[in-house]
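Just so you know, we're using UniProt numbering here: the sequence shown kicks off at 1 and counts up by one. Some notes on the structure that comes next.
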Amino acid sequence: MFISFINGASIYNSLYHYSKMRCLLCGKETDKTIEGLCLDCYIKKNPPLIKISPIVVCKYCGKVKVGKVWKKIDIKKLVKVKPPYKLESIEDGIVLSLEGELFKFDYNVPINYGICPQCARQQSEYYETILQLRGENAIKEALKIIGQRQYRISKYEEKEEGLDLYMVSYREAEKLVKELKQKINGIIKKTFKLHTRDKQTSKDIYRSTILFREVKLKEGQTLIHNGKKYKVLKVSDDYVIVRHGNEIARIPLKKLI
1 MFISFINGAS IYNSLYHYSK MRCLLCGKET DKTIEGLCLD CYIKKNPPLI KISPIVVCKY
61 CGKVKVGKVW KKIDIKKLVK VKPPYKLESI EDGIVLSLEG ELFKFDYNVP INYGICPQCA
121 RQQSEYYETI LQLRGENAIK EALKIIGQRQ YRISKYEEKE EGLDLYMVSY REAEKLVKEL
181 KQKINGIIKK TFKLHTRDKQ TSKDIYRSTI LFREVKLKEG QTLIHNGKKY KVLKVSDDYV
241 IVRHGNEIAR IPLKKLI
C-alpha cells in the first residue's frame, strides 16, 4: 500500500497530543500522536477499510446505476470508508482524511461504463412523440429550450413546412410545448396512435404527435378576412375573436394561418 501525505493541517482532537513525544512503535519524535502512535505507524497498523459497491456509469448521460435504478449521483456515495478515516475524493487515487490530516491511498476505484435504458432508446432512434414545430420563431425557441433542459432527441427531420423532432420521452415533449407556449404565441394539437402492447403488463403503448404551430396574430392588431377589416380582441388555441365596427365575430384559427 502506498500512502502519501498531502498537507499538515492541525485540528484539535482529544486523541492528539501537541507536546513533543515519541511514537510507541517506531520511537520517532513527533508533534502529535494517535493512540500513542505517529501517523505513519497508526496507518500501517490500522489500514483504511474501504468498501466499494459495483459502479456502472452510463457513457452517454453520466447517470450511475444504483441497484436497478439509474440516478444522477456522486460516485463518492458508493465508496464507503470505515471511521476514523473520512473519504475526501476519488480522483487519481483515493484521498482520505484522518483527524484533519489528508493523505492519498494508492487505490483505483473500478468504474465500468454501460448505457442506461433511456440512452439506449435514444441511440436506437426510439421515440414516444413526434413534435412538429411550425414557424421560424417556434423552432428557434424550442431548440434553445432543448439545449437548456437537455431533452432527448433520437432523430429529426427538416421539412418544407417546419421541423419534426422525434422525442424519446412524451413527458419531456409535453414540458417543452408548455414552456414554448409561454414564450411563443401558437396553437397546439395532440393526436395518439396505438403502437404496441407491453407483453409484461398487457398495457397498450401509444405514440403521440404534437403539433405546435406559431401564430403571429396578437391582440390589438388588425387583419383582413373575407374582404373585411377586423381588430383582434382575443387569440385562443382554436379561434380568434375579432371586431368589425359593432360586429363581434369568432373566426376559426385554421382559416387565418
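Each residue gets a CB set at the ideal place from its N, CA and C atoms; glycine is no exception. Bear in mind the structure is a predicted one, so any value in this text is a computation, not a measurement.
Contiguous alpha helix (DSSP H) elements confined to the region 215-253 do not occur, taking only those with 4 or more residues. Shown here, Leu-143 sits in a helix according to DSSP, grouped into three states.
Excluding five sequence positions before and after Cys-23, the CB atoms of its chain that fall closer than 7 Å to its own CB belong to Thr-30, Thr-33, Leu-37, Cys-38 and Cys-41, given in chain order. Scanning the region 40-94 for uninterrupted beta strand (DSSP E) segments of 3 residues or longer gives 50-52, 56-58, 64-66, 69-71, 79-81 and 85-89, listed from N- to C-terminal end.
Shown here, Lys-181 sits in a helix according to DSSP, grouped into three states. When the Cα atoms are used, Leu-253 and Gln-148 turn out to be separated by approximately 31 Å. Beta-bridge partners assigned by DSSP to Glu-158: Leu-163. Leu-78 is not a Cβ neighbour of Ser-97, given a cutoff of 7 Å.
With respect to Cys-61, Cys-119 sits close: the two C-beta atoms are nearer than 7 Å.
The alpha-carbon separation between Thr-129 and Ser-169 amounts to approximately 7 Å. Contact annotation, Ile-111 with Lys-59: C-beta distance approximately 11 Å; criterion of less than 8 Å not satisfied.
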